[in-house]
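Below you'll find the structure, written out as structure tokens, and then a few comments.
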Amino acid sequence: MLSRTADHLYWMARYMERAENIARILDVNHRMSMMPQSRIQEEQAWGATLRIMGLEAAFHQRYAEITPDNVLEFMIFDQDNHSSIRNCLRAARENAHAVRGTLTSELWETTNGTWLKMRDFTPEAFADAGAGEFFEWVKYRSHLSRGVTIGTMLQDEALRFIRIGTFLERADNTARILDVKYQLLLPAGEVEGGAADYYQWSALLRSVSAFEVYRKVYRDLITPARVAELLLLRVDMPRSLARCMKEVYTNLQRVRNAQSAETERQAGELEATLRFGRIDDIVRGGLHNYVIRMLARTQELGNRIADDFLVPVS
Amino acid sequence: MTIKNFYNEMKDEAGQVRPHYASYAAWLSEMPEERLAQKRAEADALFHRHGITFAVYGEGAGTERLIPFDIIPRIIPAAEWKTLESGLRQRVKALNLFIHDIYHGQDILKAGHIPPDQVLNNAQYRRVMQGVDVPRGIYAHIAGVDVVRAGAGEYYVLEDNLRVPSGVSYMMENRKMMMRLFPRLFSRYRVAPVDRYPDMLLNMLRSVAPTGVTDPTVVVLTPGAYNSAYFEHAFLAQQMGVELVEGQDMFVKDEQVFMRTTQGPQRVDVIYRRVDDDFLDPLAFRPDSVLGVPGILGAYQAGRVTLSNAIGSGVADDKSIYPYVPEMVRFYLGEEPILHNVPTYMCRKKDDLAYVLEHLAELVVKEVHGAGGYGMLVGPASTKAEVEAFREVLIKHPERYIAQPTLALSACPTFVESGVAPRHIDLRPFVLSGEEIQLVAGGLTRVALRDGSLVVNSSQGGGTKDTWVLEA
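Chains as they are written, first to last, in UniProt numbering: chain D, 1 to 314; chain L, 1 to 472.
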């Protein structure tokens, strides 16, 4: 397969996944804002959303203050914010367009249809109905696109690079969500592992579709350490880092080429670190430091994959 | 402008429906207009969702539009197609012999049939091709010949497109759409299928691979996703099951072309290129081109890769060469041309120019190197001021123009705002030349949607129709 084709497939999947995760993060805040909370809490929650995506500076260049409406407009519609949902869906579509012949017609039409529909949404339309339905729609389109991918694409290289893109992006996003929320929700001085605000933590779990999973797995109170374990180390949790890295490693093994041995080794090492990690050790060493290291290694892996297979990041 | 006395595809002079349209006309008369409108809306929605669009230049990057699709088919009886097909084979055969001759012995020039400076000083003549042998001696592997009907229904060739003719994907998509919208119509008619085209194209491309290559790798070269015909490039690559490449995906090493793949470099043998000559190789042609592959001309001249169509094919489809095509048929094949040329005045000739200036308001004047319906004057459809403005340009640069009588193009019933009404049409069949000359029974019918308009180009508000060639 052409390197450029693989590159487009990989980025198509990454942008679709990113759109979904942003919708999830915003959706949780949107729901939380319907509950009683102080002005400070509200601002902190929306500020955290920007921090997760590393977009605080970009936001403040455009808006004077953090309000729900401003953040929503910036994260959903802003043309200059390359990570706004609109721009993610557009980028997914542009990448798909560049390789439409490699996609099944169902997958192309799904991706194209998502973009065409996105153009119909406006901030004004949210004024009455709220953005909740929109977030549902984004998640639904992402589920659809993933389902169509798995249900119609030949199990060849093209599918592998799509999957690698999906899981690298998801690993990155899950790690960021956990990191920012963990810092925000764990009040200073409180012992990690103690009981915390039920609503806040359950909202975090919901943002990664893990609330019901948590109940099933732990059958117990929600504690920060268990939430971290679930999102980092549980291989059976579809949005955890451990699961994402397992998928990346497996798919990389199937596309290996003459120069990719070191990349494959690093992916395997990262996967093993997560598989054999213990949450007690991680919490003792500081969760934030751990996540920062994981994010750096994920990014390094992405760069190596680009160099070995795709269009190198220059 | 109202064109009188045009040939009506559906009805004869007495207003009687022609036999091959009878069944369709009966069906149409039972079809309420709301239902037609609904079917047309359905077609538009489907084309949008499928992304069957073309990019529009000058309206901001990424602007995509639909080519209007008309739901009333253009029907060609079997016997008519038979003549047309023989005429097209004959014409394309002669054109390929001409290009080969021009880049080798130049017999036709020596015999005095065409003034040498018309060919050798032509912007489309490529000196770098002189003496280069190409596989099977074929240059224009894919030809899109524009044919119109005029007068009492005779066919005329308007233009031979031998560089990168487009439109074949619409021929196929239009058929798919018609079958989806009106499945039962196809039981009333035996319509020749067109879906073999990608297979024929791939076979043809493989048949012109460099000598010694037994299992050639074929690719389609596109200028990229923002090119107006990108949909077609992607469509053809997918239908043939070959890679769709851009210039940046390929490189030349030791006079061999490779593409960069996830498994390392892979050799490329045949390139169906949808990029103009000028942009193919920045080392040989336009140095600012980012669409091409540096060094590809060297690989081509060494016979290590096939370019389709060949570099320099444009010398035969230039409007200044067009008037000589009938002469080519006689010279190379010793046959009389089956298809007519439109009488053409060459403004660089003094007598012709005098005639053209005198009859400017009746003629169509075209730029010799123009394409896409730009830079032309349709005399009868222009205001006095427009004609006079054009006259000045023409006097200044007569060599840049040719003129033809305004043909009363035939008209076909078309579903427009005011209901079903006749609109002028042309036809572009696609002729493939490799081991043998082949064409599918059909082509792209373009239709001028504005009342009275003769300009069918999609860039100028033209639409398309499905073209039905009936089986005998």
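Where a beta carbon is used, it is the ideal one built from N, C-alpha and C, also for glycine.
For residue i, does the three-state DSSP call read helix, strand or coil?
i, result
"H424(L)", "strand"
"residue 379(D)", "Not covered by the structure: residue 379(D). The range shown for chain D is 1 to 314."
"D160(L)", "strand"
"G167(L)", "coil"
"H8(D)", "helix"
"A403(L)", "strand"
"A64(D)", "coil"
"T83(L)", "helix"
"Y155(L)", "strand"
"A411(L)", "strand"
"V71(D)", "helix"
"G463(L)", "strand"
"M250(L)", "strand"
"V128(L)", "helix"
"G334(L)", "coil"
"L55(D)", "coil"
"L377(L)", "strand"
"V17(L)", "strand"
"L2(D)", "strand"
"L283(L)", "coil"
"M32(D)", "helix"
Buried or exposed: where does residue i fall if 16 or more other Cβ atoms within 10 Å of its Cβ makes it buried?
i, result
"S289(L)", "buried"
"Y199(D)", "exposed"
"D101(L)", "buried"
"L154(D)", "exposed"
"I138(L)", "buried"
"A195(D)", "Here A195(D) scores only 46 on pLDDT, less than 50, and its place in the model should not be relied on; the value that follows carries that caveat. Exposed."
"E246(L)", "buried"
"K366(L)", "buried"
"S83(D)", "buried"
"Y10(D)", "buried"
"Y140(D)", "exposed"
"Q61(D)", "exposed"
"A299(L)", "buried"
"I40(D)", "exposed"
"E159(L)", "buried"
"R91(L)", "buried"
"M179(L)", "exposed"
Based on the DSSP secondary-structure assignment, which residues constitute the bridge partners of residue i?
i, result
"R54(L)", "Residue 54(L) is actually Phe in this sequence, not Arg. Partner(s): R65(L)."
"D12(L)", "D12(L) pairs with nothing; no bridge assigned."
"Q438(L)", "L432(L)"
"W468(L)", "I75(L)"
"I271(L)", "V219(L), L307(L)"
"E367(L)", "Y401(L)"
"H340(L)", "Y156(L)"
"V290(L)", "Note: V290(L) sits in no beta bridge, so no partner."
"A150(L)", "E154(L)"
"D70(L)", "K465(L)"
"G419(L)", "V416(L)"
Just curious, the beta strand (DSSP E) that residue i is in, first and last residue?
i, result
"A225(L)", "Careful: A225(L) lies outside any beta strand (DSSP E) and carries neither H nor E."
"T261(L)", "256-261"
"C347(L)", "From DSSP, C347(L) is part of no beta strand (DSSP E); its letter is neither H nor E."
"V245(L)", "243-245"
"G264(L)", "264-267"
Got a sec, what are the start and stop residues for the alpha helix (DSSP H) residue i sits in?
i, result
"A140(L)", "Taken as a continuous stretch (DSSP letters only), A140(L) belongs to no alpha helix (DSSP H), as it is neither H nor E."
"Q266(D)", "261-276"
"F211(D)", "211-218"
"V227(D)", "224-232"
"R446(L)", "Where R446(L) is concerned, there is no enclosing alpha helix (DSSP H), although the beta strand (DSSP E) it sits in stretches over 444-448."
"M245(D)", "241-255"
"S458(L)", "Neither: S458(L) is in no alpha helix (DSSP H) and is coded neither H nor E."
"residue 315(D)", "Residue 315(D) cannot be examined here, being either before or after the span of chain D that is shown, 1 to 314."
"N122(L)", "Segment: none, N122(L) is in no alpha helix (DSSP H) and carries neither H nor E."
"T166(D)", "157-185"
"Y7(L)", "Counting along the chain, Y7(L) falls outside any alpha helix (DSSP H), and DSSP gives it neither H nor E."
"Y199(D)", "198-207"
"S320(L)", "S320(L) -> no alpha helix (DSSP H), and no H or E assigned at all."
"R297(D)", "287-308"
* Let me know the alpha helix (DSSP H) ranges lying completely inside the segment 74-115 of chain D, each 4 residues or longer, listed in chain order. => Segments of the alpha helix (DSSP H) lying fully in the segment 74-115 of chain D: 85-98.
* Could you pull out every unbroken alpha helix (DSSP H) segment of at least 4 residues lying fully inside the segment 169-239 of chain L, listed in chain order? => Complete alpha helix (DSSP H) runs here, min 4: 197-207.
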